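Chains as they are written, first to last, in this note's numbering: chain A, 104 to 524; chain B, 104 to 524; chain C, 104 to 524. Structure first, commentary second.
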Amino acid sequence: MTIQLERSSRTDDPLTLIGRRTPGYSLEAPFYTSREIFDLDVTAIFSEHWLFVAAGAEVSEPGDFVTVDVGPYSVVVVRDDDEEIRAFHNVCRHRGSRILDEDRGSVGNLVCPYHHWTYNVDGRLLHADNQPATFDRSRFGLKPVHVREVAGCVFICLADEPPADFEDVAARIGTYLAPYELARTKVAHQVDIVEAGNWKLVMENNRECYHCDGHPELISAYFPLHGYTAEDVPPRLHRVWERYEKASADLQASCLRQGLPVEGMRELDNRPTGFMVTHAPLDGAGKSYTAGGESVCRKRLGSIADDRFGDLHLHLQPNSWFHMLSDHAVMFSVLPLAPDKSFLRTTWLVHADAVEGVDYDVPTLTAVWSATNAQDSAFVTRTQRGVEDPGYQPGPYSQVEGDVDAFVNWYVARVDAHLSR
Amino acid sequence: MTIQLERSSRTDDPLTLIGRRTPGYSLEAPFYTSREIFDLDVTAIFSEHWLFVAAGAEVSEPGDFVTVDVGPYSVVVVRDDDEEIRAFHNVCRHRGSRILDEDRGSVGNLVCPYHHWTYNVDGRLLHADNQPATFDRSRFGLKPVHVREVAGCVFICLADEPPADFEDVAARIGTYLAPYELARTKVAHQVDIVEAGNWKLVMENNRECYHCDGHPELISAYFPLHGYTAEDVPPRLHRVWERYEKASADLQASCLRQGLPVEGMRELDNRPTGFMVTHAPLDGAGKSYTAGGESVCRKRLGSIADDRFGDLHLHLQPNSWFHMLSDHAVMFSVLPLAPDKSFLRTTWLVHADAVEGVDYDVPTLTAVWSATNAQDSAFVTRTQRGVEDPGYQPGPYSQVEGDVDAFVNWYVARVDAHLSR
Amino acid sequence: MTIQLERSSRTDDPLTLIGRRTPGYSLEAPFYTSREIFDLDVTAIFSEHWLFVAAGAEVSEPGDFVTVDVGPYSVVVVRDDDEEIRAFHNVCRHRGSRILDEDRGSVGNLVCPYHHWTYNVDGRLLHADNQPATFDRSRFGLKPVHVREVAGCVFICLADEPPADFEDVAARIGTYLAPYELARTKVAHQVDIVEAGNWKLVMENNRECYHCDGHPELISAYFPLHGYTAEDVPPRLHRVWERYEKASADLQASCLRQGLPVEGMRELDNRPTGFMVTHAPLDGAGKSYTAGGESVCRKRLGSIADDRFGDLHLHLQPNSWFHMLSDHAVMFSVLPLAPDKSFLRTTWLVHADAVEGVDYDVPTLTAVWSATNAQDSAFVTRTQRGVEDPGYQPGPYSQVEGDVDAFVNWYVARVDAHLSR
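Right, dumping it as structure tokens:
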């Protein structure tokens, strides 16, 4: 056995690393540790794919904006005067000053604080002092970024030519999301965490429940049948299985009654915009994320007809996942900060008319995922520390880590496609 | 439009970047962000040009010293026993220990605290224990750094052969500075700020008043005519213009009476030691930096005959600027710390005999530039953040940013000269 | 004289630097500052040589473990169920999670907290959930690290093939250490310091007493004759010299009575496992490290027959030194953290049956080396700052820095051997 020290100035080529990957095994260390591959990820993944970055409800009025940092980029997402979503690089066209410092707010025009160059919310340069007669304002509008709002979720793409398959994915996930009417929600709570790990470790951790013993609050909402099929359920879980079968049938019936899809979709690693939708019942009262399965908000979302409507679970490559329940939605967006540092934003949405303290309270609403996020942070931290150790070598995924494998397959294929151009 | 991600491991050659610069536009991002170009700046600019680093009044007595950090260098500036200024690398010739830790102080000899190697303030090694008979002390004196005191301002140059044109510049600016007799001043206050931006952004910010709306305290001392000429002054400012014309005439008359130059000089980008001197009246009482233009110190500097003596403004490439008023002087020195971090020292000087609490008080003396420095820090910070964004591209200077353009032209020419050797 | 700026992106080849070293002079700056050479040190020195990392007394019972960080490596040192010392990479074979976070503790099995892969303390994988029938547990045991316990001192070696001369060194130093019976000691105190300097500066500082004027507490225990021989002792020290001669004769007689070696050994730079042993008397009461030379623990170590048994001083390349006295032992281990940051662990051992508050108290036991460590930290910090300055150039060792020279010679030879393979 040869122990090879991982050098900070390593020269292994990403294509070489990709070429020698063992299928079904975790990635080699440089994918989680090297600055070169981090830069490649920003370019090949985060600059060339559609990224979920905000709920439409965060920018509901004309002039409302959020700023989003994607690696070294800062992007302004703003609702224009026609109530369309716009996105721009948050950089003045004069000498490059950052225009907006705040995470969110509302503006009339976008005015650079340095020399007062003034832009309309549609990006046009309206005014700049002390210019010669030859100055052509139309050449100095804010640089646009592609942006799409899908069923109340805002996606941006930094590429010149975004992946074309997003239209298809948007239509298909839109069918599932539509009844929740996210455009008629509001942000009840939002939390940002800086994870001490590479963004792919954050995603891989999300893509499996092999570690869910570490999430007592979360798993109490689900049937304790993880990893079993009808054939191998042990006798002690037969009654649970019966309960699960009944709840599944109820959920399917409810979907049919409402004219909504019953089956999920899973196209995680065979397309640029990999995605997965599943719809599963919850245990206990079966309504929401609490120990007993009771609701956490009195107002149901959108046109959902049943409190007992399970968990509509959406995964999107590269950087997001969503849980839609009858009474609230939780959305997660991961963005890269450094090889060993990632940003995770968690957003809880409730019906726009729900009143805090009357229809819901934040601690109850957020209890399960606050606990789960903290537990996952610890897992990500210790994995980052481990893969930085020259003693690390890739290990095999278990039978219940298929979605991790799919995420890694997607990632490897996308980097390969980028480098092979 | 192609959005090109700026990689931390970018390979663009500085000469290539220089070659494709658009005249009249700001520099490309790597000049403000890359470690490679930062290192180049330390070598080509800060190690090969004269740098203003201290007032002579800071080291007025034999044995007085200040230590100055220029990039990775630490330099001791010390007054020797013959009252001459000396400068040395602050590194022991034995095993390299830093000799002096303090920013300033007074010593008899320079003694390394590690093994007590002892040097005279002229740099000679006086003593080292436990040496063999063959040890030749004369080979192990402190390594000298070029140093010049010009009209009470201390300049160092780390090069083996400093730019020869400094003698000419020293003589010419000396004519303007002489009547202020800076050697007979004292430091009333000194403040060090770490700016969150590249040193060139700090300098560029200083070289224009296009952003001076952001400096309400500073501009209240000047006539509000920035950007106008006699031809295009708007009617609402005609009375201000008349006031300005009168003050200008008074200032010129005062200069003539005192036998001092009336005209300024501007050789910012056509020589190694680029510089500019202007002499302009102040508004209101016209005496000093206060809202009403009143003096902030009762003792006039040197042989200045008038309280109303305006602002003698000196710019020196690469790293300093000075404001000389009848009652005090303010000096600014910028030194590079990192691609995105710079050191700014501001020093207020008053007459050596002025008594704090009687002739001046520090809060009043420093109010304008303390506020201005803080405002400029914010501008530099947001510009650094913007130029680090791959969405940044160089933009055009306005008609009132000629000295920024001159600074950048000087910088580019000097780097080019260095690399073309 | 040419002042060459040290670039962060320097390209000098380590072999070139080694080739041009001036014998008897300190190393060039990159050896203390460059990331490339730091990585080389981790590979060529710390991954290929035996390192002292713990006292056996720290892991006295089955299941007791310590974790040790060597550069990017984390190693678990654990006593197995047969009371043998084992060492493993602290990395799960599944997806690389760090297994143990704690510095020390006791375990039954080694269980990864992420997905509960469970390993025996002998490294075998005992259990992993949800694996296919084809899963071969024997392929996924913890990766072993070479480990040896020598007279109560634990050494590890990360190399596949550790230096073979360690057996010889272990036997020879074992003869000197045996009577102290370190296996029958306990840790009375342990302190970890992060030094703000390269690991070689920490070692070089330890290898000479040229700077011992800076250690008043330490030198008060020794005869003040440092740097003198019988021939050149000055008149004022003749009585000290007589006292020293008497104490030396007493110490030799005591060794002979106990059947222990009288002479030391010095093979610092001519073998992979460089080492030195000396045995010298102490001044005053001559028993231990206190101002008057009195004991600091009432229980003598092992089979030592005399309280007045001087200081058995052991140096090992690359990273450790030891002081063995009749009543306690102090052990030092240096590990690299970054080019400019090192870890120093100091461990005080007393007889296993000694009772705190009765036989010894920690402040008295640790006073001398706590003070000495703090003083040395300051020296290392200022030397690191100095060698980072481009004004640094290597200087000559004095006549009393022979062991520094030997350390550097050893280091250079070992790096050369590694690179020339």
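Cβ coordinates follow ideal geometry from the N, Cα and C atoms, glycine included. In this text the structure is predicted, and so the values were computed from the model without any measurement.
Cα-Cα separation between residue i and residue j, rounded to whole angstroms
i, j, result
"B:T449", "B:I296", "8 Å"
"C:G300", "C:P421", "16 Å"
"A:G505", "A:E311", "8 Å"
"B:S111", "B:T278", "Unreliable positioning characterises B:S111 in this predicted model, as indicated by a pLDDT of 43, which lies under 50. The coordinate reading is nonetheless provided below. In a straight line, the C-alpha of B:S111 is about 47 Å away from that of B:T278."
"A:H431", "A:L417", "14 Å"
"A:S241", "A:P165", "23 Å"
"A:Y128", "B:F149", "51 Å"
"B:L385", "B:S357", "14 Å"
"C:T475", "C:D316", "11 Å"
"A:E284", "A:Q234", "48 Å"
Proximity of residue i and residue j at Cβ, strictly below 7 Å
i, j, result
"B:S437", "B:S445", "A small fix is needed here, since residue 437 of chain B is Val in this sequence, not Ser. Contact flag set, yes."
"A:A157", "A:V180", "yes"
"A:D183", "A:V224", "yes"
"C:T486", "B:S200", "yes"
"B:A95", "B:V305", "Residue numbering for chain B in the displayed model covers 104 to 524; residue 95 of chain B lies beyond these limits and cannot be assessed."
"B:R227", "C:G498", "no"
Residue i, DSSP secondary structure in three states
i, result
"B:R411", "coil"
"C:I202", "coil"
"A:L108", "Since pLDDT at A:L108 reaches only 37, below the 50 mark, its modelled position is unreliable, and the value read off the structure follows with that caveat. Reduced to three states, the DSSP call for A:L108 is coil."
"B:T146", "helix"
"A:P247", "strand"
"B:A394", "coil"
"C:A352", "helix"
"A:A291", "strand"
"C:P499", "strand"
"C:F326", "coil"
"A:G122", "helix"
"B:V214", "strand"
"A:P421", "coil"
"B:D456", "coil"
"C:W344", "helix"
Any chain C beta carbon closer than 7 Å to residue i
i, result
"A:N512", "no"
"B:G317", "no"
"B:H314", "no"
"A:T486", "yes"
"A:Y222", "no"
is_contact[residue i, chain B] using C-beta, thresh 7 Å
i, result
"A:H49", "An answer regarding residue 49 of chain A cannot be provided, because it is not within the stretch 104 to 524 covered by chain A."
"A:R201", "yes"
"C:V490", "yes"
"C:V503", "yes"
"A:K349", "no"
"A:Y283", "no"
"A:Q496", "no"
Host beta strand (DSSP E) of residue i (start-end)
i, result
"A:I188", "188-192"
"C:A509", "Where C:A509 is concerned, there is no enclosing beta strand (DSSP E), although the alpha helix (DSSP H) it sits in stretches over 505-522."
"C:R488", "No beta strand (DSSP E) holds C:R488; the alpha helix (DSSP H) holding it covers 465-490."
"C:G208", "207-209"
Minimum Cβ-Cβ distance from residue i to chain A less than 7 Å
i, result
"B:D115", "no"
"B:V305", "no"
"C:Y217", "yes"
"B:F326", "no"
Continuous alpha helix (DSSP H) stretch holding residue i: start and end
i, result
"B:T278", "269-280"
"C:K303", "302-309"
"C:F134", "133-136"
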